[in-house]
(Lines of atoms letter the chains of each structure in order from A; the text may use other names.)
(Lines give C-alpha, C1' and ligand atoms only; values in the text may rest on other atoms or scores of the structure.)
Protein backbone atom coordinates (compact mmCIF):
# COMPACT_ATOMS: atom_id res chain seq x y z
CA UNK A 23 0.00 0.00 0.00
CA UNK A 24 1.40 3.41 -0.96
CA UNK A 25 1.69 5.82 1.93
CA UNK A 26 -0.36 8.97 1.43
CA UNK A 27 0.94 12.43 2.27
CA UNK A 28 -2.58 13.61 3.19
CA UNK A 29 -5.89 12.09 4.15
CA UNK A 30 -8.37 11.54 1.33
CA UNK A 31 -9.86 14.86 0.31
CA UNK A 32 -12.36 16.63 -1.89
CA UNK A 33 -11.92 20.17 -3.21
CA UNK A 34 -14.80 22.51 -2.42
CA UNK A 35 -14.79 25.62 -4.63
CA UNK A 36 -15.16 28.90 -2.74
CA UNK A 37 -15.10 32.55 -3.82
CA UNK A 38 -11.95 33.11 -1.72
CA UNK A 39 -10.10 30.04 -3.04
CA UNK A 40 -10.46 26.32 -2.56
CA UNK A 41 -11.53 24.64 0.64
CA UNK A 42 -10.35 21.10 1.26
CA UNK A 43 -12.63 18.55 2.92
CA UNK A 44 -10.52 15.79 4.47
CA UNK A 45 -11.90 12.31 5.17
CA UNK A 46 -10.93 9.51 7.55
CA UNK A 47 -9.34 6.78 5.44
CA UNK A 48 -10.90 4.03 7.56
CA UNK A 49 -14.48 5.18 8.26
CA UNK A 50 -14.85 7.47 5.24
CA UNK A 51 -16.28 10.16 7.54
CA UNK A 52 -15.70 13.82 6.63
CA UNK A 53 -13.52 15.04 9.51
CA UNK A 54 -12.61 18.64 8.65
CA UNK A 55 -13.15 21.29 5.97
CA UNK A 56 -10.44 23.94 5.77
CA UNK A 57 -10.66 27.68 5.36
CA UNK A 58 -10.20 28.86 1.73
CA UNK A 59 -6.68 28.59 0.27
CA UNK A 60 -5.40 30.19 -2.94
CA UNK A 61 -1.90 29.28 -4.13
CA UNK A 62 -0.02 29.38 -7.45
CA UNK A 63 -0.16 25.60 -7.97
CA UNK A 64 -2.70 22.96 -6.90
CA UNK A 65 0.09 20.93 -5.27
CA UNK A 66 1.25 23.88 -3.13
CA UNK A 67 -2.34 24.71 -2.23
CA UNK A 68 -3.09 21.16 -1.06
CA UNK A 69 0.15 20.96 0.92
CA UNK A 70 -0.53 24.30 2.64
CA UNK A 71 -4.17 23.39 3.41
CA UNK A 72 -3.09 20.05 4.87
CA UNK A 73 -0.11 21.32 6.90
CA UNK A 74 -1.74 24.52 8.20
CA UNK A 75 -5.30 23.38 8.75
CA UNK A 76 -6.04 19.68 8.18
CA UNK A 77 -3.36 17.46 9.69
CA UNK A 78 -4.16 18.31 13.33
CA UNK A 79 -7.54 16.53 13.03
CA UNK A 80 -5.95 13.18 12.09
CA UNK A 81 -3.61 10.52 13.38
CA UNK A 82 -1.38 8.49 11.08
CA UNK A 83 -1.27 4.74 11.62
CA UNK A 84 2.33 3.66 12.20
CA UNK A 85 1.65 0.26 10.62
CA UNK A 86 -0.39 0.85 7.43
CA UNK A 87 0.13 4.61 6.99
CA UNK A 88 -3.55 5.60 6.80
CA UNK A 89 -4.71 8.98 8.09
CA UNK A 90 -7.61 8.32 10.47
CA UNK A 91 -9.89 10.26 12.83
CA UNK A 92 -9.51 9.88 16.59
CA UNK A 93 -12.35 7.37 16.88
CA UNK A 94 -10.51 5.04 14.49
CA UNK A 95 -7.11 5.34 16.20
CA UNK A 96 -5.71 3.15 18.97
CA UNK A 97 -3.40 5.68 20.64
CA UNK A 98 -1.99 3.03 22.99
CA UNK A 99 -0.10 1.46 20.07
CA UNK A 100 -0.12 4.36 17.55
CA UNK A 101 -2.09 2.33 15.00
CA UNK A 102 -5.53 2.42 13.42
CA UNK A 103 -8.18 0.12 14.88
CA UNK A 104 -8.07 -2.09 11.80
CA UNK A 105 -4.37 -2.86 12.33
CA UNK A 106 -4.69 -3.17 16.12
CA UNK A 107 -8.30 -3.36 17.35
CA UNK A 108 -9.21 -2.51 20.92
CA UNK A 109 -9.75 -5.53 23.16
CA UNK A 110 -13.46 -4.80 23.48
CA UNK A 111 -13.92 -3.67 19.92
CA UNK A 112 -16.40 -0.78 19.74
CA UNK A 113 -18.84 -0.42 16.87
CA UNK A 114 -19.16 2.69 14.75
CA UNK A 115 -21.89 4.12 12.56
CA UNK A 116 -20.87 3.38 8.96
CA UNK A 117 -22.21 6.78 7.89
CA UNK A 118 -20.65 9.26 10.35
CA UNK A 119 -18.21 7.24 12.48
CA UNK A 120 -19.90 7.84 15.87
CA UNK A 121 -19.44 5.02 18.36
CA UNK A 122 -22.67 3.03 18.75
CA UNK A 123 -23.75 0.00 20.77
CA UNK A 124 -25.49 -3.16 19.64
CA UNK A 125 -28.64 -1.93 21.40
CA UNK A 126 -28.80 1.27 19.31
CA UNK A 127 -31.43 1.16 16.59
CA UNK A 128 -30.51 4.57 15.15
CA UNK A 129 -27.28 6.58 15.24
CA UNK A 130 -27.68 9.48 17.68
CA UNK A 131 -25.48 11.74 15.50
CA UNK A 132 -26.76 11.23 11.93
CA UNK A 133 -29.97 9.20 12.40
CA UNK A 134 -28.90 6.24 10.23
CA UNK A 135 -30.84 3.05 10.97
CA UNK A 136 -28.35 0.53 12.31
CA UNK A 137 -28.66 -3.13 11.36
CA UNK A 138 -26.86 -4.86 14.22
CA UNK A 139 -28.19 -8.05 15.75
CA UNK A 140 -27.31 -9.51 19.09
CA UNK A 141 -25.19 -12.64 18.81
CA UNK A 142 -25.97 -15.44 21.24
CA UNK A 143 -22.93 -17.09 22.83
CA UNK A 144 -24.01 -20.34 21.14
CA UNK A 145 -23.98 -18.78 17.65
CA UNK A 146 -20.91 -19.66 15.52
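Residue numbers (our numbering): 23 to 146.
Backbone N, C-alpha and C define an ideal beta-carbon position, used for all residues, glycine too.
CA-to-CA distance, residue j to residue i, given in whole angstroms
i	j	result
residue 67	residue 59	6 Å
residue 128	residue 42	30 Å
residue 88	residue 134	26 Å
residue 71	residue 33	11 Å
residue 69	residue 44	12 Å
Exposure of residue i, with buried meaning 16 or more beta-carbon neighbours within 10 Å
i	result
residue 145	With a pLDDT of 45 at residue 145, under the threshold of 50, the modelled position of this residue cannot be trusted; read the value that follows with caution. The residue is exposed, with fewer than 16 neighbouring Cβ atoms inside 10 Å.
residue 132	exposed
residue 38	exposed
Nearest-angstrom beta carbon gap, residue j and residue i [assumed within contact, 8 Å]
i	j	result
residue 114	residue 93	6 Å
residue 77	residue 83	Contact flag wrong, Cβ pair sits at about 14 Å.
Nearest to residue i (by Cα), restricted to the options the options
i	options	result
residue 53	37, 69, 31, 99	31
residue 35	95, 55, 28, 27	55
residue 40	28, 61, 128, 121	61
residue 28	80, 134, 137	80
residue 57	63, 73, 65	73
CB contact below 8 Å: residue i versus chain D
i	result
residue 122	In the displayed structure, chain D is absent; only one protein chain is listed.
contact_flag[the region 45-62, the region 90-110] where n(CB pairs < 8 Å) is 3 or more: Put simply, the region 45-62 touches the region 90-110. At least three CB pairs are less than 8 Å apart.
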